[in-house]
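The structure appears right after this line, and notes come after that.
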Amino acid sequence: MALSVSMTVNGKPVTVAVEANALLADVLRQTLGLTGTHVGCDTSQCGACTVHVNGRSVKSCTLLAAQAEGAEITTIEGLAAADGTLHPMQAAFKEHHGLQCGFCTPGMVMSAADLARVNPAADEDEIREWLEGNMCRCTGYHNIVKAVKTGLATMQSPAQHAAE
Amino acid sequence: MTVLQNPAKSTGIGAPVKRVEDYRFLTGRGRYTDDMNKQGQLYAYILRSPHAHARILSIDTTEAEQAPGVHAVITGAEMKAAGIGSLPCGWLIKSRDGMAMKEPPHLPLAVDKVRYVGDQVAVVVAETLNQAKDAAELIAVDYDELPATVATGTAAGATGAPVHDEAPDNVCYDWEWGDKAKTDEAFARAAHVARLDLINNRLVPNAMEPRAAIGEYDRGSEEYTLTTTSQNPQLIRLLLCGFTMGLPEHKVRVVAPDVGGGFGSKIYHYAEEVIVVFAARKLGRPVKWTAERGESFQSDAHGRDHVTHVELALDEQGIFLGLRVNTIANMGAYLSTFSSCIPTILYATLLSGQYKTPAIYAEVKAVFTNTVPVDAYRGAGRPEACYLIERIVDVAAREMGIDRAELRSRNFITPDMMPYDTPVGLQYDSGDFQRNLVDALEMIDYAGFPARRAESAARGKLRGIGFASYIEACGIAPSNVAGALGARAGLYDSAEVRFHPTGSVSVMVGVHSHGQGHETTFAQIVSERLGVPMDKVEIVHGDSARTPFGMGTYGSRSLAVGGMAMMKAIDKVIAKSKKIAAHLLEASADDIEFADGTFRVAGTDKTIGIAEIAGAAYVPHNYPLDELEPGLDEQAFYDPKNFTFPNGTQICEVEVDPETGVTKILRFVAVDDFGRVINPMIVEGQVHGGLVQGIGQALLENCVYDEDSGQLLTGSFMDYAMPRADDVPSFEVKTNEVLCTTNALGVKGCGEAGTIGGAACVMNAVCDALDIAHMDMPASPERVWRTLRDKQAAPLAAE
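Chains as they are written, first to last, in the numbering used here: chain Z, 1 to 164; chain D, 1001 to 1799.
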């Protein structure tokens, strides 16, 4: 049975008809065409589908779309500035070669961006622990950790970032 | 005319250029197969076997066909009746008695029998995926269960219910390589023989993007399009047309768009590719299938899975005299596309490693079991070879009381011996193995290790250090030699360099990028060679309608083979451009020099830029039309003269907590010789990723089947331990460039190196920490803890 769900996605209000058992990840991808949110597993382990729900990183496969009623959702498509300028965390991933095939990247970046809220001065061990729920098979994590460190630092000093 | 400084230099060969593909991936604008939806698309769901081995007595699809939204339910009988053929194996291996390997049919949908948990039984195509799944539950399959053959070591000769009637003893082939008599003679005069039984554990590749495929058929034009998660779309088209479906190749387009990692698992022609094309033709609508991760575990080709006995003969000084290897290799239930050559041609030929072992003999028995087919996984045969060599060297060093670095040094092939013919059929062209070892020893501070071990011991921890000096063979070649060894395909590659009239360049390549960053590294080469800025160069790959016929990407071949094809095409462009320049500058073509994008009459200031040449070629008003064709668009194929041989030494230090059995990697250094490095940033990234796959095998990953029922026990990320960010260390890496002598770029390949040495390196460190000769992978906390407990109990039991 279809339900009507209203939420704000990447700053725009949307109302969609969803099946009661539809996952947020699938609604983002299928109904809203936001295919940057990837689905890499069926057990909420891989983290490729991570988005921000009301400012917190959430694996969108763990949430029914119906639970997102009234929520503010940001997906990877909504992270860069309107003119296409990369968010500091995105820019840091490019700078440090923190991505290869790109499949885990959206979830990895969304998760890493949220670390700035929780622990902006995270050290390497803390970054690795935070990313424990985001799997990458390509990079060996080495460059992702470097990217997150840089991304966090830049997010703390946006003026400096803008000047660069 | 002013000669501007070439803008390409800062982005040329050797520069750590940031990747051009990153923007789309970082902003969610990548286009992976499952991101695409075609007009009128239907969804396929595949009913898979719940049994490891069973006869199919009947399949009743009546109820499923009438379920809401269902357009078709397809069974193996229907596909077989329609003439759909077997998924072919691309490499013929002959047994030692000269008989061809057993090659039982592998139909896309099972007929009569299922042979592993996950084997395809029937397909439901419906308006929505949920409707297809619901309908699949209404299919009634009557199975007669048979005993399952599971364990690699005991599969051969098992009686009762062979996996295939064509192989009553479950043996696919019984193969040998090397000189038995010479090796026996070496063992007869050995001062010491080290012996080891080991298991190379089965792994699940688990690229993060699950496999997916979309089939389309246009009844008007009779054209087919398959969009698929493939490392080699041209090869898939060839197999689809020539083998499984018998389609007219000129009517078939295969597209592999952005692909989310492969590691070998996306080389093969899979049943699902046939199924979606068959269903699309039957229904006249696009049909999409996307694997759930659980299906990936049950249907992506697995890797490794060897049971091996190895013996190394040494003289009094520790000089290697001979190596003897006996391996049983698990093929799984069917022969996947390249399965047969992995434990043979890509394994036994590497048993020389970096050492001048004069006599080597290997026996390999490949067996069928009721498990997922096994094929190439990152490294493919070479990690298995490296693992046994580097383990037996450590065992020998331990038994003879020789330092492990010293024992390796004594036996290394030295640069003055290059080119070096190994006793197992390869000719190494170049490499300085000792230098790699020395550099790695320095980086890890080998001299300081005893003090660090003592410091760990003071904290109650067991510290160990491990080495792996690996060599691999990349870019399988040449085609005629591979053919003589059983290859059923060519192993060349291709490229087309198309200058556009206004000066930008499109390069269409036969290799495929699924994380390797070819759109950047290949553009760097084009930019430097042609003197065109990077942003005016586009690398096109992954679409059979746009690219020339090439063999795709695997075995670290892209640059050494595909890159060389591109170099040849670039040379053709330059050669033609010189003739055009000679005409425009009113000089002889022999007097034209080319550098940094500019043609010059030697010894003069008369020059013309390559963009202007392109303009003249497409608007040929002032042009030597009687001598030259208009246009500037050149294609080349390249078949390499030899394999390339990347090599290096990895060293890691681990600390084991004897209370918990947890192994922590404290430091990991890797010194690699990849020949010429095009983009060091990308190369380092390949090393990091490869190392973690090696570490994963050593410490975490293990694919486990129940040995009685054949049920896959590690069928999800909840059960199969993938390496996560907090399981692995950061790395210290260095490259020693010794240029490859058999290709003009001097490149060797870097995609698999980390994985080839990684597992051996970690296990050598773990065994050192535990002060044991050997334990099998993975060295999980439970196994390490048990090993330590058994070791403590052993002397007591002996008393």
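Idealized CB from N, CA, C, for every residue including glycine. This one's a predicted model, so the numbers in the text were calculated from it and none came from an experiment.
query: Per DSSP, the bridge partner or partners of V1493 of chain D; result: Note that residue 1493 of chain D corresponds to Asp in the displayed sequence, not to Val. Note: D1493 of chain D sits in a beta bridge opposite D:Y1638.
query: Members of the segment 94-120 of chain Z near chain D, C-beta cut-off 8 Å; result: K94, E95, H97, L99, Q100, C101, G102, F103, C104, T105, P106 and V109
query: Residues near N1130 of chain D in its chain [Cβ-Cβ closer than 7 Å; skip 5 each side]; result: none
query: Near-chain D residues of the segment 140-152 of chain Z - C-beta to any C-beta below 9 Å; result: G140, Y141, H142, N143, I144, V145 and K146
query: Sequence-distant residues of the same chain with beta carbon closer than 6 Å to G1490 of chain D, five excluded per side; result: S1479
query: Minimum length 3: unbroken beta strand (DSSP E) runs contained in the segment 1215-1292 of chain D; result: 1223-1228, 1252-1255 and 1287-1290
query: Residues near A1589 of chain D in its chain [Cβ-Cβ closer than 6 Å; skip 5 each side]; result: K1578, K1579 and A1582
query: Bridge partners - Q1120 of chain D, DSSP secondary structure assignment; result: D:R1048
query: Identified DSSP bridge partners for H1306 of chain D; result: D:N1200 and D:A1329
query: Residues, ordered as in the chain, of the segment 35-66 of chain Z that lie near chain D by beta-carbon distance below 8 Å; result: T35, G36, T37, H38, V39, G40, C41, D42, T43, Q45, C46 and A48
query: Whether A1362 of chain D touches W1289 of chain D by CB criterion (8 Å); result: no
query: CB of L152 of chain Z within 8 Å of CB of W130 of chain Z, strictly; result: no
query: Among D:M1101, D:V1193 and D:G1749, the one whose alpha carbon lies nearest that of R1398 of chain D; result: D:V1193
query: Residue-level contact to chain Z via CB, V1171 of chain D, 8 Å cutoff; result: no
query: Reduced DSSP category for Q1693 of chain D - H, G, I as helix; E, B as strand; rest coil; result: helix
query: Spatial neighbours of H1106 of chain D in its chain, beta-carbon cut-off 6 Å, leaving aside the 5 residues before and after; result: S1086, L1087 and Y1334
query: Reference F93 of chain Z; option with closest CA among Z:N143, Z:V53 and Z:A22; result: Z:N143
query: Assigned exposure category for D1626 of chain D - 16 Cβ within 10 Å defines buried; result: exposed
query: Reduced DSSP category for D1416 of chain D - H, G, I as helix; E, B as strand; rest coil; result: helix
query: DSSP-derived helix/strand/coil call for I999 of chain D; result: With chain D covering 1001 to 1799 only, the question about residue 999 of chain D has no answer from this structure.
query: Three-pair Cβ contact test at 8 Å for the segment 1353-1372 of chain D versus the segment 1138-1157 of chain D; result: yes
query: CB contact check: S1556 of chain D to chain Z, cutoff 8 Å; result: no
query: Interface partners of D1022 of chain D on chain Z, CB under 7 Å; result: K94 and L99
query: First and last residue of the uninterrupted alpha helix (DSSP H) at W1091 of chain D; result: No alpha helix (DSSP H) holds W1091 of chain D; DSSP gives it neither H nor E.
query: Proximity to M969 of chain D [Cα-Cα], best of D:D1174, D:I1074, D:A1135 and D:A1110; result: As shown, chain D starts at 1001 and ends at 1799. That puts residue 969 of chain D outside it, with no answer to give.
query: R1115 of chain D to K1664 of chain D span [Cα, whole Å]; result: 39 Å
query: Close-in-space but distant-in-sequence residues of the same chain around D1657 of chain D (CB under 7 Å, 5 per side omitted); result: K1461
query: Interface flag, L131 of chain Z vs chain D, CB-CB below 8 Å; result: yes
query: N-terminal and C-terminal residue of the alpha helix (DSSP H) that S1577 of chain D is part of; result: M1564 to L1584
query: Inter-residue Cα distance where the pair is F1522 of chain D and N1743 of chain D; result: 16 Å
query: Residue closest to G1609 of chain D, alpha-carbon to alpha-carbon, out of D:I1539, D:V1540 and D:P1533; result: D:P1533
query: Identity of the residues DSSP links to S1506 of chain D by a beta bridge; result: D:R1498 and D:E1538
query: Residue closest to N1411 of chain D, alpha-carbon to alpha-carbon, out of D:L1426, D:G1425, D:D1432 and D:Q1427; result: D:D1432
query: Which residues DSSP lists as bridging R56 of chain Z, in chain order; result: Z:V53
query: From D:E1538, D:V1537 and D:S1430, residue whose alpha carbon lies closest to that of R1676 of chain D; result: D:S1430
query: Contact under 8 Å by Cβ, G1631 of chain D with G1694 of chain D; result: no
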